[in-house]
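Before any comments, here is the structure.
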Ligand code: AMP
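Numbering (the working numbering), first residue to last: 22 to 213.
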């Protein structure tokens, strides 16, 4: 049975680490639009050429390009048969609406918010980065998340698809919280 999962969370929430855990536990492909776009840029594909400028400027890539990348990825058999763990997409309401259309007549099963407060992710990210430039870049990206992506939390909560998990703790503690939250919501009859 296919399981279609979306993960939301600020940069620095530990999403990357937890996606590896979730992808292996639920045996679903981890689909990261950031990773796919970076390799498209590196390979110089059409999508890569179109995405390059916005990525370098720290902006969001235009919706139609990202939606095209996701659509191509969904056409591969693993995503069709097993479902997916979608990371970095949707980033705004337009993309969330496009996602519903891409998966129709099926639907997204569950959206997990890996919840870590802004002050906490800033501290984590500054630990990894350097100086004022780093702080400015971090604040710009977090502001983009607040304005574009955070509204999706209410959007999915309204559709009764959202589960919020506290992302503060050791990676193992957070993984255990995610497993219990998700296991409780697995589609009926799913024995993964
Ligand atoms: P990420 O690794 O998810 O932070 O993505 C890295 C960069 O890829 C972002 O800063 C955006 O420029 C671009 N990107 C990734 N996913 C999306 C998306 N869903 N919509 C627009 N741009 C995206």
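Glycine residues also receive a C-beta, built at the ideal position from the N, C-alpha and C atoms.
Bear in mind that the values here come from a model prediction, so they are computed numbers and not experimental data.
Do three or more CB pairs link the region 155-162 to the region 119-130 at distances below 8 angstroms? no
Taking residue 183 as the reference, which of 133, 198, 100 has the closest Cα? Position 162 of the chain shown, counted from the start, is the residue given in the question as residue 183. Residue 183 has its Cα closest to that of 133, out of 133, 198, 100.
By the DSSP assignment, the beta strand (DSSP E) with residue 25 in it spans what residues? Working through the chain shown from its first residue, we reach residue 25 at position 4. Note, residue 25: beta strand (DSSP E), 24-29.
From residue 75 to residue 203, what does the alpha carbon distance come to, in whole angstroms? To locate residue 75, count along the chain shown from 1; it is residue 54. To locate residue 203, count along the chain shown from 1; it is residue 182. Between residue 75 and residue 203, the C-alpha separation is close to 34 angstroms.
Where residue 40 and residue 64 are concerned, what is the direct C-alpha to C-alpha distance, given to the nearest angstrom? Translated into the one-based positions of the chain shown, residue 40 becomes position 19. Translated into the one-based positions of the chain shown, residue 64 becomes position 43. Roughly 24 angstroms between the two C-alpha positions.
Say whether the region 170-179 touches the region 113-121, bearing in mind that this needs 3 or more beta-carbon pairs closer than 8 angstroms, one atom from each stretch. Taking 8 angstroms as the limit for Cβ pairs, the verdict is that the region 113-121 does touch the region 170-179.
On the three-state DSSP scale, how would you describe residue 185? Here residue 185 is taken as the residue at index 164 of the chain shown, counted from 1. Here residue 185 sits in strand by DSSP.
Quick check on this structure: which residue in 190, 121, 187 has the alpha carbon closest to the alpha carbon of residue 27? Working through the chain shown from its first residue, we reach residue 27 at position 6. Of the candidates 190, 121, 187, the one whose C-alpha sits nearest the C-alpha of residue 27 is 121.
Do you know how far the Cα of residue 44 is from the Cα of residue 186? Your numbering for residue 186 matches position 165 in the chain shown. Your numbering for residue 44 matches position 23 in the chain shown. For residue 186 and residue 44, the distance between alpha carbons rounds to 17 angstroms.
Would the beta-carbon of residue 26 be found less than 6 angstroms away from any heavy atom of ligand 1? As a first step, residue 26 must be located in the chain shown, where it is residue number 5. Because no heavy atom of ligand 1 lies under 6 angstroms away, the Cβ of residue 26 does not count as near it: no.
Tell me which same chain residues have a C-beta within less than 6 angstroms of the C-beta of residue 69, skipping the five on either side of it? Locating residue 69 in the chain shown gives position 48, counting from the first residue. Answer for residue 69: 61, 62, listed in chain order.
Mind checking residue 22: buried by the 16 CB within 10 Å criterion, or exposed? What you label residue 22 is simply residue 1 of the chain shown in a count that begins at 1. Around the CB of residue 22, fewer than 16 other CB atoms lie within 10 Å, so the residue is classed as exposed.
Consult DSSP for residue 95 and reduce its assignment to one of helix, strand or coil. Numbered from its first residue, the chain shown carries residue 95 at position 74. Note: residue 95 maps to helix in three-state DSSP.
Are residue 53 and residue 108 touching if we call contact CB-CB under 7 angstroms? By 1-based counting over the chain shown, the position of residue 53 is 32. By 1-based counting over the chain shown, the position of residue 108 is 87. Yes; because the gap between Cβ atoms is below 7 angstroms, this pair is in contact.
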